[in-house]
Every structure is written in C-alpha cells, then in structure tokens.
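Undergrad: Residue numbers (numbering that gives the first Met the number 0), protein chains in the order written: chain P, 0 to 546; chain B, 0 to 469.
Even glycine gets a Cβ: it sits at the ideal position worked out from N, Cα and C.
Okay, handing you the structure first.
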Amino acid sequence: MPVVELSLSRLQKLVGKNTNKKQILDTLPFLGLDIESLGRNTVRVEYSPNRPDYSTDFGIALGLQGILGISKGILRLNIRKQGNYEIKVDSSTSKVRPFVTGIIARNGSLDDKAVKQIINMQEDLHFGLGRKRKKSSIGVHDLDRISFPLKYTTTSRDHRLVPLNSTKESSISEILRDSEVGRDYGSILGQSAKVPIITDAKGQTISFPPIINAALTTVTTKTKNLLVEVTGIDKQSAEDMLSVVVVILQGAGFQFSQLKVSGSKNSTPNFAPRSIVFDADPVNKILGLNISGSMLVSCLKKCRLGAVMKGKKIQCTIPRYRFDIFGGMDIVEEVALGYGIDNLKPAWPASVHIGEKNATSERLDSISRLMTGLGFMETLNSTLTSEQILYEMTNRDSSQIISVASSKSQEHTILRDLILPGLLENLSKNIHETYPQKFFESGTVFSKGSPIKETTNLACVSASEETNFSEMKSILQSLLRIGFSIKCETKTLSGHALFSQGRVAEITVNKKTVGYIGELDSKVLENFKIRTRVVGFEIKLNGLIFD
Amino acid sequence: MSHVLHDIEKQIIKLLKSTPNLTEEQLAQETKLSMDQIRRGVEWLRQKNLADVTEISHFTYALGKNGLDAKKNGLPERRLVTLVQNGPKTFDEIRSSLQGLDFNAAIAHAKKNDWINIEKTDTGSMISLKQETTKSSDEYVISLLDIEPVADVFRDEDAKPLKSLMERPDFIIQHEKKTKTVSLSETGKNIDLEKLDSGAIDVEADVPHVHAARIHPLKDTINEIRETFVHLGFSEINGNLSQSSFWNFDALFTPQDHPARELQDTFYLKDLNAKQLATPTQIKNVSNAHKKGWRYYWDIQEARKMVLRTHTTCVTIKHLADKKPDEARIFSLGRVFRNEKLSFKHLAEFNQVEGVVVGKHITLRDLMGIQKEFYRKIGLTKVKFWPTFFPYTEPSLQSMVYNEKLGKWIELFGMGIFRPEVTKPLGITKPVLAWGGGIERIAMLKFGLDDVREFYNNNLSWLRTATKCQ
Chain P
0 MPVVELSLSR LQKLVGKNTN KKQILDTLPF LGLDIESLGR NTVRVEYSPN
50 RPDYSTDFGI ALGLQGILGI SKGILRLNIR KQGNYEIKVD SSTSKVRPFV
100 TGIIARNGSL DDKAVKQIIN MQEDLHFGLG RKRKKSSIGV HDLDRISFPL
150 KYTTTSRDHR LVPLNSTKES SISEILRDSE VGRDYGSILG QSAKVPIITD
200 AKGQTISFPP IINAALTTVT TKTKNLLVEV TGIDKQSAED MLSVVVVILQ
250 GAGFQFSQLK VSGSKNSTPN FAPRSIVFDA DPVNKILGLN ISGSMLVSCL
300 KKCRLGAVMK GKKIQCTIPR YRFDIFGGMD IVEEVALGYG IDNLKPAWPA
350 SVHIGEKNAT SERLDSISRL MTGLGFMETL NSTLTSEQIL YEMTNRDSSQ
400 IISVASSKSQ EHTILRDLIL PGLLENLSKN IHETYPQKFF ESGTVFSKGS
450 PIKETTNLAC VSASEETNFS EMKSILQSLL RIGFSIKCET KTLSGHALFS
500 QGRVAEITVN KKTVGYIGEL DSKVLENFKI RTRVVGFEIK LNGLIFD
Chain B
0 MSHVLHDIEK QIIKLLKSTP NLTEEQLAQE TKLSMDQIRR GVEWLRQKNL
50 ADVTEISHFT YALGKNGLDA KKNGLPERRL VTLVQNGPKT FDEIRSSLQG
100 LDFNAAIAHA KKNDWINIEK TDTGSMISLK QETTKSSDEY VISLLDIEPV
150 ADVFRDEDAK PLKSLMERPD FIIQHEKKTK TVSLSETGKN IDLEKLDSGA
200 IDVEADVPHV HAARIHPLKD TINEIRETFV HLGFSEINGN LSQSSFWNFD
250 ALFTPQDHPA RELQDTFYLK DLNAKQLATP TQIKNVSNAH KKGWRYYWDI
300 QEARKMVLRT HTTCVTIKHL ADKKPDEARI FSLGRVFRNE KLSFKHLAEF
350 NQVEGVVVGK HITLRDLMGI QKEFYRKIGL TKVKFWPTFF PYTEPSLQSM
400 VYNEKLGKWI ELFGMGIFRP EVTKPLGITK PVLAWGGGIE RIAMLKFGLD
450 DVREFYNNNL SWLRTATKCQ
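As structure tokens, this is what we get:
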C-alpha cells in the first residue's frame, strides 16, 4: 500500500478548530490510514490505493474534519464557466492517446511543503489510477507562460523542445532515449511515428505527454496560477484523475475556471456529483445496526458525502473524486466509517453450524501422528523449490520441469514433483546435529497434466550408520497397516536415480505401484554432503488413503 | 547435595577406605571400571566434598639429538680436552675439529670445569690442558640417560647438572605427566559403608536430554487454527495451489491491468494455460462485470494464464459459485504464493486461512464477533478493528491484536463483505462475509520468532527444542 509522510503541525492547521496532535493520531486509523511510523512532528501513514485523495495532507485534512465533526458534508466546488481557456483536440491523437482534459486553477500559493504533497499525489495517481501513466497522466503548468487556445495534437519524433529540468533543446527521440522518464515510459507510445504534444497559441510546445512537460511552464513556489492537463487512453479515468487534483488544489486555496475541451470525441470535463437513493433498512441489516434515517445521513456527512432524507429513503450525493464508490455496498462502508468502527460492537450470530475438517486434512493428521509416534520429526519445505535441489543434486531427469516466470528468488523457481529431495536438503543442513536423524513430510507435488496435476505425497528418511532397508520397510508397512489397514509390498526394481542399485524397490498396493523405497544412492548423498547412510521412501497418497 | 551415591562413587569410597591414597589409574585398575568412569566418579565425589584430589607432576627425561651425539662422541668439552691432550693448540687449530656452537660450548664448559688454560700469544690464543681430567657431573648425567624416557634415576646432587644440560639446546627432553591422587576427605571418611548398599539411587542427579519426534511447530499452529475454525462451526474445503487467473483474479473483480497481476507480484507458470476455465455463463458474466466496472477490453486469454494462487479466496469463490449455498460457514486453509524477495517478514510461499459466512441475516457485527471468539480460542484476548481496503470486499476491516510481549498492537486477519461486483456475476445472491489472513504471523507470536524464514529452515536443534510462549 502507498505511504505518505505528513507534518503534524501542518495537518493540525489544515484541520483547524484547535485540534491537538493526539486527537489526529487517534483518528487517522479510523479513516483507514495505518500509522507506519511516528516522528516528533511527522507521521507516515499507509493509505488505500482506492483513495488517491489521501495521498496529500489536504485530502486527509478533509477526511479528519468530517470524522471529527469539524466540517461535514460534501465540499462545494465552484468552477467559473467564463473565460477563454480552451484546448482543441486534433483527430490524429486518436491513434496514440485520444483524450485530454484539464482545469485552470488561480490565485493559490504553493509553499515547499505543498509542492511536495502535490508531487506525491501526482506520482500516486500515475502509478495506480494511471497504470504507470499508460491509462492517464497529469501535467501541471504555470498558467502565466501560456497563450490560449491550446492544441492537443501529434508530431513526429524529430520535433524539438526544451524538457523540464533542462536548458537544452532535445528532439523527442533524444528525450525517449536519454532521459530516465523517457526510458521508463517511452514504451507506452509503442512504435508509433507520431507522438502526442500540447502546444499553445504561440506554437510553443508545453507538454509531451505522458513523458515530460516543457521547461517553459515550470511550476515554482512563486507560481500563482496553474493549468492542469490530463491525457489518457480512457476518458473517464482521465477525468477521475483530474477530479482528485481539483479537490486537492481547492484545499490548497485555488479557485477554478473551466478549460473547454473540444474535438475528436473529447468534451469539457463534468465535475457534477452523482446521487444514489437507498433505503435505511438493508444498510442497517448488513451492519447489524438499527439506526434512524437522520443518523444515517449524519454518518454519511461525516465521510464528506452529501446526504438528505427523501421521505423514507436517503439520497446520498457523491463528489466526482469519490469514484471508488461503485454502489450500495460502498455506501454501507461509508455509513460504518461515519458511525465509527469503534462503535460497532462484535455480536454472536444465532444460527447453529456443525463444522468439520476436510477428509484429506483428517487423513494427513493421522499420518503426522503415526509418523511422530514412529520416531520421525516433521519438516516443512516449500513446494516452490530450485532446479538444483530437485534435479541436479539428485541426478534426476528434468524434462518434465514446471517453472514459474521471473522469480525474485533463486531458491524458488520450479514446482516440486517429489518431496524426497527436500528431505535430503534438510539432512544436508543438519549434518552437525546428533544422529540418528529421521524426517518426514507430507504435501503437494506437481506434474504436467491438463494443464497441471496436483497430488499429495508422503516422504520419509532415516539417516544413521545403523539404518537399513528393513527399518524403512517396516516403518512403511506399520504406517499403512496401523493407520489405514492397507497391506503393501515391495518389488525388486532394476534402478532409480535416487537410490542404490540393488537396494531399491517399488512399493505396490494391490499390484499397483504407489511409490519407491530404498537406500539412497551414495553419489546423491555426496552431492548433499551427507556422510552417513540414508534410507527413505516416497508414496502417493491420492487413491490410497483419499481421492 | 544428595548423599545418595552412584555405584561408581561407592566403589571408589570402598577402595579408598582400605587404601587411603590412590591415583586414578590405580583406582581404575582395582575397580575394573574405565578411566572415564573413574574420572567422572572422582569429580562427583570432589564436588560433594567427599574426596580430596591432589595433583602431582611427574617428569621423565630422555636424550635429545645433541645429547645422543654427546653420549656417543663425548660432550664438546671432553672432545676439546682430548684435542689438547698432547700439547697446546691455537683456537684456529681447535676450530678445524670443533665448529660453531660446539666450539663456544666446549671452551665455556672446559673452563668452568677448570680443565684448560687459555694464553694469548703473538700467534693467537693457545689452549692447553690444565690438569688431568676426571668424569664431570654433566657426563655422569648423560650416561644415565638414553633415547627412552626414564625417571627416578637421579641422585640429589644430579639436579644441578641436569638443569645445566637442559639449558643446552636439544640435549635433554623433559616430559611432564600429571597424576591425580585421590583420598577421602574428613566427611568422606565418615561415610557409613553399610548405608551405601541400601539400593537407593541419586534421584536428584542431572540426566541427558532426549529428543521427541514432533509435529512441526508451524504445522502445530496450523492444526490449532483448523481445529478452532471447526469449533466455530466452519467446514473445510480445499483446492489446487495452481489456479487459472480467472479464479485467482478475474472472478474477484481484479482488472486485468491491475498491478497485483504483474509478473513482479504473482508467480505465473511458464507456458501453461488453463483449458477449462469455468462454465460459459460464469465466464460471460465475469467478463461483463469487468467491462462495466472497469471499462476495458476483457481478454479471455489473460484469464487462462496459470498462476500459483496468491490467496485461498480463489478456492472459496469457486466453491460458492458452483454450490451457491443460501447459508454456509466454510473455510479454506493452505499454501499461497507471492513473488516477493525473501526477508525476515516475507516469504514467497506461506500459509493462509480464510473463512466465509453466507447467510441472509448475517451482519458485519456478527463477523466481528466470530473473529473475536476465534482470537479468544487461540489465546489472543485484546482485539480491536480498524477500517481498511481490500479490492474484493466492501466494507473492509482489519483486526488488531495486542501483543503483551512486544507491547504493541499487531495487524492480524482482515475481513469484509464480498463486493456485489464479485458475487452477482457468479450468481451468488446472499451476502458473503469473509475473514482470514496469514498463519505464519500467528505462529511467530506463539513461538516467539522474529524471522519468519525460521519455520522453513528445518533446523533440527530448533525443531527439537522449540517451545510455545503463548
């Protein structure tokens, strides 16, 4: 989950009404914000990816004000319709990045801390909602450097501009090749010969989305007026993103004017809230509460939503930036938050149920009990293991290997088809401990099927100078006889990679092969650096003691 | 300290009563016990203040390389006087027969024995015999020794020449051997011999550790959790560890471009695609839910990709989609996988449990109650709930449990109500309340571990000794 660092004194000021730090710290978790670490005046909180408005202290302050009852209900958004701010979309963009939207934000001021918060928000939006800028991405510009109307169009890769944080003009190709953002996000544009740009009335390039802005419109702490543009491949996602920016900038004291968007399936963004009308009953029922309609209204307002009673029903108004609210169940959650999770008292459901273990679990439990009774220690190994342990060290054929893609760990790259190699690895790690050592493990093994087959095996090893084939065979036969009334036999086998020639057998039950038993091959043991005699077996349990 | 004596101790005491001072070797010889047993017995008696042990060093001597040479050819000073027997000789003449260290030693010792005179002349220093020489005490000591070590061959007056010879390089080799002489202490002497034969044994003595074969500590916790779910009226279901993306992600309303579905978080099985995904209706409805909710082109090929399940929820949701129960309490427990870098708190493969309650009248408060009862049963009594976010539940809560040892609240299981976007397309009409989480985290609390990897190290000394602390 993403993390944001907050200054407590700044947050206090934003929340207002003489709130103290303790109050704030106690309340944060009830907004769903986990405190990750706490400094003298800073707190780092984890927020949910579905609430990008919590990526800044402006958004968190809004939430705190609601839940603390300082300021409740929906935040009014004033967007002036007048003004000559316009962006025209050229149809050539439809093949690369078809949508653009934006807003004009004026008469605000951004100190260092505010700039830091806004950058954090931008990064969060790019990563989550924007799917690493692919779906949508933001550009924030100094409005006073720009002449309207703007044009959203495409250009060739040899088009030149001075990119942000640079003084030198570069071509699009150079930016994509030489800059970090270019290399990270260039693939979004694919092989397309034409790339999107935003130019102003004077023909100056102000942005090369989704890669980088032009240096021309760099925002500093002196900037008072902003243009925010969002481009993307999904109109709604772009507008969602813009709506978050707007609510945050409103918190930072900006006033808004509309940016008219026209041309090629684009339109001026609509920030109007949505409404959901619902009954109190189902909400109370799912939460296990019995609260009045007016109380429900109050709960919703504490979550910065609009709410009024409409007869017996409740009408909830949802601001544009709360696109995480899909429907009724999301409203239920808002009610719960407004009511206070702390005020929800755990109850005990009246209905009677009789629980039971799965038959497989029951049988595996019996095996564990019997095996420990027979003196074997249980070990647990990963089913995702390494080629080295599973095949190389055991001299086995690896043609039926099942691997995972791009594992971050060398030890976890393939699925096991046998448990025994893992037990040998366990013996290998314990050669300095006293002998005899006796291990067993039961668990899933994998083989190719349609597309993959999973079975449950039991494997067992005994290591000491005195151990021998007979010991292992009597363990195996006792286990199956005592536990499951199964009679098994061992049949001479000409050879097996894991075991010594002449000391290996097939385990059969009713003439069907269910596994192998024998003395481990000396070369295999050498590979595992085991210096004592080892005997072992592995059997498939499916079809034997469960389906 | 107990006055019941071990059989070894009794035998030693009996012997010492008749023969007061004996070495450990003599004790072993007389009792027919091994040296090891005697050493242990003597040590026990010493600790109980029943016996005194005095340690005496014995020395043996043998001739070294130069000593053997002196025994054969005479000491250097003897060889010197032989050279000047028939008249004085210059240093240079002597040096042709006695070189290096031997020359210096010969001059020094011959002078000490008062055997020679040295005169300075124009042609250099001259050595002449002073008087007729007798066998020196050094020569006598050499004659007593040989290549085999010996002791007790010396007279008192031999001590000085012995010491002097030992200062000469590699003439004499000295070996030290310590013997312990054991005698009874005053208390030991007063022990009643008859009482010793009463047949009592030392019931307070330390004994060796034995190792029990055990169920793995993590499995022990897994079993406890499984039992607890059953006690709470839940029935166990299970399913495969390998799953199609459809059940692991799509059926749970996780969009196909969601970051959690990327290779860097999820293990995809190389080149393996599911042939049979789900029923045609299930596929159609899930596809529509994605198109409507997330507005993108839903690709069935993406849903076919096989993954190692990232949660047990895929098993739960498939069960619910296939059975559509009106009322149920079921749980699923087992291994799940995340493509994580391993660390003290992250594993690539770990265990998870998840329970769901289905019912027309079930409430969020009920689920909180069930969970509280679950924690109480496994010994965790201080529990509180916070809101959180899970992609497929709404509302979502997480439970926090207070750990006395760490003195802080720890996040344990999550819970929530399955989103209608998940249940509706699969034809599940009743509310489904789910709860669960990782098991290793609970096992770590129980066994006081701070590194989760310890569970899979299978370190035998830990497996043999691990104890529950909660």
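Which residues in chain B sit within 8 Å of Gln235/P, going by Cβ to Cβ distance?
TA: Position 236 of the first sequence, counted from the first residue, corresponds to residue 235/P. Under the 8 Å cutoff, chain B gives Arg294.
Undergrad: Kindly indicate the opening and closing residues of the alpha helix (DSSP H) around Pro75/B.
TA: Numbered from 1 along the second sequence, position 76 holds the residue referred to as residue 75/B. Note, Pro75/B: alpha helix (DSSP H), 75–82.
Undergrad: For Leu97/B and Leu26/B, I'd like the C-alpha separation in whole angstroms.
TA: As a position in the second sequence, residue 97/B is number 98, starting the count at 1. As a position in the second sequence, residue 26/B is number 27, starting the count at 1. Whole-angstrom Cα-Cα distance: 53 Å.
Undergrad: Output the boundary residues of the alpha helix (DSSP H) element that contains Ile340/P.
TA: Here residue 340/P is taken as the residue at index 341 of the first sequence, counted from 1. No alpha helix (DSSP H) holds Ile340/P; DSSP gives it neither H nor E.
Undergrad: On the three-state DSSP scale, how would you describe Cys487/P?
TA: Indexing the first sequence from 1 puts residue 487/P at position 488. Coil, per DSSP.
Undergrad: Look at Asn265/P and Val139/P and say whether their C-beta atoms are less than 8 Å apart.
TA: For the purposes of this step, residue 265/P is identified with residue 266 of the first sequence, where counting begins at 1. For the purposes of this step, residue 139/P is identified with residue 140 of the first sequence, where counting begins at 1. Cβ distance not < 8 Å, so Asn265/P and Val139/P don't count as in contact.
Undergrad: Going along chain P in order, which residues have a C-beta closer than 7 Å to the C-beta of Ser460/B?
TA: Indexing the second sequence from 1 puts residue 460/B at position 461. Listed along chain P are Glu432, each with a C-beta nearer than 7 Å to that of Ser460/B.
Undergrad: Please work out which residues of its chain come closer than 7 Å, Cβ to Cβ, to Ile594/P, disregarding the five sequence neighbours upstream and downstream, and give them in chain order.
TA: Residue 594/P is absent from the structure shown; chain P starts at 0 and stops at 546.
Undergrad: At what residue ranges does the segment 93–179 of chain P contain a whole run of the beta strand (DSSP E), taking only runs of 3 or more?
TA: DSSP runs (the beta strand (DSSP E)) wholly in the segment 93–179 of chain P: 98–105, 135–141, 149–155.
Undergrad: Quick one, are the C-beta atoms of Arg303/B and Asn272/B less than 8 Å apart?
TA: Taking the second sequence and counting its residues from 1, the one referred to as residue 303/B is at position 304. Taking the second sequence and counting its residues from 1, the one referred to as residue 272/B is at position 273. Yes, Cβ-Cβ distance for Arg303/B and Asn272/B is below 8 Å.
Undergrad: For a contact meaning CB atoms closer than 8 Å, what does Gln263/B contact in chain P?
TA: Taking the second sequence and counting its residues from 1, the one referred to as residue 263/B is at position 264. What Gln263/B touches in chain P: Ser405, Lys407.
Undergrad: Between the Cα of Asp264/B and those of Asp191/B, Lys340/B, Phe252/B, spot the shortest distance and give me the residue it belongs to.
TA: Residue 264/B sits at position 265 when you count from the first residue of the second sequence. Measuring from the Cα of Asp264/B, the nearest candidate turns out to be Lys340/B.
Undergrad: How would you call Ala465/B, buried or exposed, if buried means at least 16 neighbouring beta carbons within 10 angstroms?
TA: Here residue 465/B refers to the residue found at position 466 of the second sequence. Ala465/B is buried by the Cβ-count criterion.
Undergrad: From the beta carbon of Ile340/P, is the nearest beta carbon of chain B less than 8 Å away?
TA: Here residue 340/P refers to the residue found at position 341 of the first sequence. Yes - at least one Cβ of chain B is within 8 Å of the one on Ile340/P.
Undergrad: Alpha carbon to alpha carbon, how far is Lys511/P from Thr489/P?
TA: Reading the first sequence from its first residue, position 512 is the one you call residue 511/P. Reading the first sequence from its first residue, position 490 is the one you call residue 489/P. So the two alpha carbons sit approximately 11 Å from each other.
Undergrad: Taking the straight line between their C-alpha atoms, what separation do you get for Ser163/B and Leu15/B?
TA: As a first step, residue 163/B is located in the second sequence; it is residue number 164 there, counting from the start. As a first step, residue 15/B is located in the second sequence; it is residue number 16 there, counting from the start. Between Ser163/B and Leu15/B, the C-alpha separation is close to 41 Å.
Undergrad: Can you tell me which residues form a DSSP beta bridge with Pro209/P?
TA: The residue given as residue 209/P occupies position 210 in the first sequence. DSSP, once it has assigned bridges, lists no residue as partnering Pro209/P.
Undergrad: With the cut-off set at 8 Å, would you say Phe325/P and Gly292/B are in Cβ contact?
TA: Taking the first residue of the first sequence as position 1, residue 325/P is located at position 326. Taking the first residue of the second sequence as position 1, residue 292/B is located at position 293. Closer than 8 Å, so yes.
Undergrad: Given that Pro394/B touches chain C, what residues does it touch there, using C-beta distances under 7 Å?
TA: Protein chains in the displayed structure are P and B, and chain C is not among them.
Undergrad: Fully enclosed by the segment 457–537 of chain P, which alpha helix (DSSP H) runs are 4 residues long or longer?
TA: DSSP runs (the alpha helix (DSSP H)) wholly in the segment 457–537 of chain P: 468–483, 521–526.
Undergrad: Relative to the C-alpha of Val400/B, which candidate in Lys119/B, Ser17/B, Arg167/B, Ile377/B has its C-alpha closest?
TA: As a first step, residue 400/B must be located in the second sequence, where it is residue number 401. The candidate whose alpha carbon is nearest that of Val400/B is Ile377/B.
Undergrad: Using the three-state DSSP reduction, which class does Met0/B fall into: helix, strand or coil?
TA: In the second sequence, counting from the first residue as 1, residue 0/B sits at position 1. Summary for Met0/B: the model assigns pLDDT 44, below 50, so the residue's position carries little reliability, and this model does not support an answer.
Undergrad: Between Asn237/B and chain P, is there a C-beta pair that is closer than 8 Å?
TA: Translated into positions along the second sequence, residue 237/B becomes position 238. Judged by the 8 Å Cβ criterion, Asn237/B is in contact with chain P.
Undergrad: Since Lys129/B and Ile106/B are thought to touch, with beta carbons under 8 Å apart, how far apart are those beta carbons, to the nearest angstrom?
TA: As a first step, residue 129/B is located in the second sequence; it is residue number 130 there, counting from the start. As a first step, residue 106/B is located in the second sequence; it is residue number 107 there, counting from the start. About 13 Å separates the two Cβ atoms, so there is no contact after all.
Undergrad: Would you mind sorting Glu185/B into buried or exposed? The rule is 16 or more other CB atoms within 10 Å of its CB.
TA: Taking the first residue of the second sequence as position 1, residue 185/B is located at position 186. With fewer than 16 other Cβ atoms within 10 Å, it is exposed.
Undergrad: Can you tell me whether Met0/B is buried or exposed, with buried defined as 16 or more other CB within 10 angstroms of its CB?
TA: Indexing the second sequence from 1 puts residue 0/B at position 1. Confidence is the limiting factor: at Met0/B the pLDDT is only 44, short of 50, which leaves the residue's position unreliable, though a coordinate-based value still follows. Exposed, because fewer than 16 other Cβ atoms sit within 10 Å of the Cβ of Met0/B.
Undergrad: Mind checking which residues open and close the alpha helix (DSSP H) that includes His108/B?
TA: By one-based count along the second sequence, residue 108/B stands at place 109. Unbroken alpha helix (DSSP H) run through His108/B: 99–111.
Undergrad: With 8 Å as the threshold, decide whether the Cβ of Thr378/P is near any Cβ in chain B.
TA: Start at 1 with the first residue of the first sequence, and residue 378/P comes out as number 379. Yes, because at least one Cβ of chain B sits closer than 8 Å to the Cβ of Thr378/P.
Undergrad: Do you know offhand how far Lys94/P's Cα is from His318/B's?
TA: Locating residue 94/P in the first sequence gives position 95, where the first residue counts as 1. Locating residue 318/B in the second sequence gives position 319, where the first residue counts as 1. Their backbone Cα atoms lie some 43 Å apart in a straight line.
Undergrad: Give, in chain order, every residue of the segment 350–362 of chain P whose Cβ lies closer than 8 Å to some Cβ of chain B.
TA: If the cut-off is 8 Å between Cβ atoms, the segment 350–362 of chain P has Ser350, Val351, His352, Ile353, Gly354, Glu355, Lys356, Asn357, Thr359, Ser360 near chain B.
Undergrad: Where does Cys315/P fall in DSSP's three states?
TA: Here residue 315/P refers to the residue found at position 316 of the first sequence. If DSSP states are grouped into helix, strand and coil, Cys315/P belongs with the strands.
Undergrad: Can you find a C-beta in chain P that's less than 8 Å from the C-beta of Val229/B?
TA: Walking along the second sequence from the start, residue 229/B turns up at place 230. Chain P contact via Cβ: present.
Undergrad: Quick check: Asn425/P and Thr378/P, are their CB atoms within less than 8 Å of each other?
TA: The residue labelled residue 425/P in the question sits at position 426 within the first sequence. The residue labelled residue 378/P in the question sits at position 379 within the first sequence. Going by C-beta atoms, Asn425/P is nearer than 8 Å to Thr378/P.
Undergrad: According to DSSP, simplified to helix, strand and coil, what is Val209/B?
TA: Locating residue 209/B in the second sequence gives position 210, where the first residue counts as 1. Looking at Val209/B - three-state DSSP - the assignment turns out to be coil, as it is neither helix nor strand.
Undergrad: Does chain B have any CB closer than 8 Å to the CB of Ser291/P?
TA: The residue labelled residue 291/P in the question sits at position 292 within the first sequence. Chain B contact via Cβ: absent.
Undergrad: How big is the Cα-Cα spacing for Asn17/P and Arg132/P?
TA: Residue numbering aside, residue 17/P sits at position 18 when the first sequence is read from its first letter. Residue numbering aside, residue 132/P sits at position 133 when the first sequence is read from its first letter. When rounded, the distance between both Cα atoms is 40 Å.
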